[in-house]
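Those protein sequences? They're chains A and B, same order as listed.
Per this note's numbering: the first sequence ends with 546, consecutive numbering throughout.
Per this note's numbering: the second sequence ends with 189, consecutive numbering throughout.
Here the structure comes first, spelled out in structure tokens, and everything after it is commentary.
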Amino acid sequence: MTAGPADAPLHRLGALAVRDRIASGAVTAEAAARHFLDRIAARDGAIRAFLQVDGEGALRAAAEIDARRARGEPPRALEGVPVALKDNLHADGLRTTCGSRILEGFVAPRDATVTARLRAAGAVIVGKTNLDEFAMGSSTENSAFGPTRNPWDPARVPGGSSGGSAAAVAAGLVPLAFGSDTGGSIRQPAALCGVVGLKPTYGRVSRSGLVAFGSSLDQVGPVARTVRDAAAALHAIAGRDPLDATSLGVDPPAPEAAAVSVAGLRIGVVREHLEHASLEPGVKAAVGRALEALRAAGAETREVSLPHSGEGIAVYYLVATSEASSNLARYDGVKYGLRAGADGDLASLVEETRDRGFGAEVKRRILLGTFALSAGYADAYYGRALRVRRLIARDFERAFKTVDAVVGPTSPTTAFPVGAKAADPLAMYLCDVFSVPAPLAGIPAISVPCGRDGAGLPVGFQVQAPALREDLAFRVAAAVEAACGEPDRLPEAFA
Amino acid sequence: MRRIAALARIRLRDAEAKALAKDFAAILGYVDRLRTVGEADDAEPLTHAVPARDPAANLRPDEPAEPGSAAAPLPFETLRALAPDLSGRLVRVPRVLEEGR
């Protein structure tokens, strides 16, 4: 589906619709960039999705695109599309903060591979979006630079950790943004903000230039207004990269894959997720309507069981924190970023830097991971978690023998009030109950809007597919979007 | 708590240590459920969910990358701008060894 009729203002359009207007000459890349930069300047104050806006760089890139067009060069896949990057992805010459004080003054020395590929596809980088510090959180309240708000209701969180990217797309401040997903950090905020979010297969997209959190789980993916836009974005960024040894040399699906009918597909509905105690009735009802729509479109739905998915949160919060404790050891005040305590000895420099630089949740996770890996406990905690992780992956393998995709709610709740879970880390972790199994198994998963709850808040529908079968996830998500989505709708305050 | 904090080079004030001990009790109490998953005893630990299709693709000739290519190390001038304190081409840190040792 392409968001917006032909005369709609640019900010109601999805990425490919903006691209087509530029490709057809209806609007210049520079005018498009100015339109979205003006939107950000006028409206971001209400939600604070952006940490940094690079107006000058964006206008320069847009002018180059218009010059290419004037020379008659063919338009590229994302020609002139303004995009925002989560602030844990490097863009050459812009600050990368990760929402943390510890990266104070850090300016990215080069593009992430994803950023370079986006530029090569014609995208225009307009800025960097807010996140939970080092992508650790489910609400974008943990940023050292203050929380981001949900554009549908600024008293509520946008989800996290890619909350800035999701809020920016939902508010029409950019037609496309990128985030990273370790345990749900693209899909959960996409669900809570009423936009599309894709976590690709592990290895589908290079992690080079993405600041590491949980290296066996981290993947970069798009936040978009439509499924087809997400498919086009994946196509632009995917593929083998010599700078990431875990990247796979497999061609991504063509964006047109999203247009293939679901007729004849077998779709598994996760029993444990639809019967989960924390599932809100409004979410369950919206997911039920999406399942009805899939059946009406010719798909067959049947119940499947993922018996170990209930252990996902426990596994995730041991594996991800263990990997984080190792990855974040590099922030020591020596080579880059914040340095504090330099008047003492080296040990106090490291400790003082980390004390001042890291926020409470990051410290909590580093300590949890350090504990889970420590001598005498590693087998019982980290080792045990990896064994149960195997069982979670096997559950999916078994399910995919009988169905083409596995579906359910993305998140048990719609957007919750700012502050509601801030004092209870475990309650916050449980937000990710439906989203952690996919990254633990390495498989792709997409969240697509499937309507609203009784309070009018968006509900996300999750589609999980076998490794490297994003095409199946796109097909199912596009069918839900066609029946239940409203991709050209903006929150009233952002219309 | 103190031992773990020392390993992680994280400073804990008394109030923080107390609050964290409470969080840890709740979180570790929750993850203890993994002990009761009987099938896990015989499961192979899963560290990497999607293995490389062609591990040999990660092998490379043992020679420096072309200057200017994406695989080339960042030039000194670039890294210098990021370092908090430099002495010539070296990053400066507080003295590690005492005089005379």
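C-beta: ideal position from N, C-alpha, C; glycine also.
query                                                                                                                                                                                                         : result
Could you give the distance in angstroms between the alpha-carbon of residue 146 of chain A and the alpha-carbon of residue 193 of chain A?                                                                   : 19 angstroms
Along the segment 286 to 306 of chain A, what residues have a CB closer than 9 angstroms to any CB found in chain B?                                                                                          : 291, 292, 293, 294, 296, 297, 298, 299, 300 and 301
Alpha carbon to alpha carbon, what distance is there between residue 327 of chain A and residue 179 of chain B?                                                                                               : 53 angstroms
So which residues on chain A does residue 111 of chain B lean against when the C-beta distance must stay under 7 angstroms?                                                                                   : 415 and 476
Assuming the contact rule is C-beta atoms closer than 8 angstroms, residue 263 of chain A and residue 316 of chain A should be a hit. Round their C-beta distance to whole Å, please.                         : That pair is no contact at about 36 angstroms.
Using a Cβ-Cβ cutoff of less than 7 angstroms, which residues in the same chain neighbour residue 269 of chain A once the five nearest sequence positions on both sides are dropped?                          : 231, 233, 258, 261 and 263
Along chain A, which residues have their Cβ under 7 angstroms away from the Cβ of residue 132 of chain B?                                                                                                     : 441
Could you please give the first and the last residue of the uninterrupted alpha helix (DSSP H) stretch that includes residue 528 of chain A?                                                                  : 521 to 535
Below 8 angstroms on the Cβ atoms is my guess for residue 528 of chain A versus residue 494 of chain A; work out the distance and round it to an integer in Å.                                                : So it is not a contact: roughly 14 angstroms between Cβ atoms.
Measuring CB to CB, does residue 188 of chain A end up less than 9 angstroms from residue 144 of chain A?                                                                                                     : no
Taking 8 angstroms as the limit between beta carbons, can you name the residues of its chain near residue 433 of chain A, skipping five residues before and five after?                                       : 369, 370, 373, 423 and 424
Which residues does DSSP list as the beta-bridge partners of residue 271 of chain A?                                                                                                                          : A:231
Specify whether the segment 176 to 185 of chain A and the segment 128 to 139 of chain A touch according to this definition: at least 3 beta carbon pairs, one from each stretch, less than 8 angstroms apart. : yes
What do you get for residue 106 of chain B, buried or exposed, if any count of 16 or more other CB atoms within 10 angstroms of its CB means buried?                                                          : exposed
Exposed or buried, which one is residue 110 of chain B when buried takes at least 16 other CB atoms within 10 Å?                                                                                              : exposed
Check whether the Cβ atoms of residue 454 of chain A and residue 355 of chain A lie closer than 9 angstroms to each other.                                                                                    : yes
How about the segment 442 to 449 of chain A and the segment 478 to 491 of chain A: do they share at least three Cβ pairs that are nearer than 8 angstroms?                                                    : yes
For chain A, check one thing: does any of its Cβ atoms lie closer than 9 angstroms to the Cβ of residue 162 of chain B?                                                                                       : yes
Just checking: is the beta-carbon of residue 102 of chain B within a distance shorter than 9 angstroms of some beta-carbon in chain A?                                                                        : no
Which of the three DSSP states, helix, strand or coil, is assigned to residue 139 of chain A?                                                                                                                 : coil
So residue 434 of chain A contacts chain B; which residues on that side make the cut at Cβ distance below 8 angstroms?                                                                                        : 133
Would you please verify whether the beta carbon of residue 160 of chain A is less than 9 angstroms from any beta carbon of chain B?                                                                           : yes
Just confirm the distance between the C-beta atoms of residue 278 of chain A and residue 499 of chain A, as a whole number of angstroms; I'd bet it's less than 8 angstroms.                                  : 6 angstroms
Do the CB positions of residue 473 of chain A and residue 298 of chain A come within less than 9 angstroms of each other?                                                                                     : no
Taking the alpha-carbon positions, what's the residue 169 of chain B to residue 142 of chain A distance?                                                                                                      : 16 angstroms
Would you call the segment 149 to 169 of chain B and the segment 474 to 484 of chain A touching, i.e. three or more CB-CB distances under 8 angstroms?                                                        : no
Pick helix, strand or coil for residue 52 of chain A, following the three-state DSSP scheme.                                                                                                                  : Per-residue confidence for residue 52 of chain A stands at a pLDDT of 47, beneath the threshold of 50, marking its modelled position as unreliable; no derived number is given.
Leaving out five residues on either side along the sequence, give the residues of the same chain with a beta carbon under 6 angstroms from the beta carbon of residue 330 of chain A.                         : 463
Can you give me the Cβ contacts of residue 86 of chain A inside the same chain, cut-off strictly under 6 angstroms, excluding the 5 residues immediately before and after it?                                 : 61
Three or more C-beta pairs closer than 8 angstroms, one from the segment 270 to 290 of chain A and one from the segment 129 to 146 of chain B: is that the case here?                                         : no
Taking only beta-carbon positions, decide if residue 129 of chain B is within less than 9 angstroms of chain A.                                                                                               : yes
Near residue 116 of chain B, what residues of its chain come up, given a Cβ to Cβ distance below 6 angstroms and the 5 sequence neighbours on each side ignored?                                              : none
Pick out whichever of A:435, A:247, A:526 and A:202 has its Cα sitting closest to the Cα of residue 543 of chain A.                                                                                           : A:202
I'd like the span of the beta strand (DSSP E) that includes residue 501 of chain A, first residue to last.                                                                                                    : 496 to 503
In angstroms, rounded to a whole number, what distance separates the CA positions of residue 52 of chain A and residue 229 of chain A?                                                                        : In this prediction, residue 52 of chain A scores a pLDDT of 47, lower than 50, which makes its location untrustworthy; no coordinate-derived value is stated.
Touch check for the segment 157 to 165 of chain A and the segment 209 to 216 of chain A: three-plus C-beta pairs under 8 angstroms?                                                                           : no
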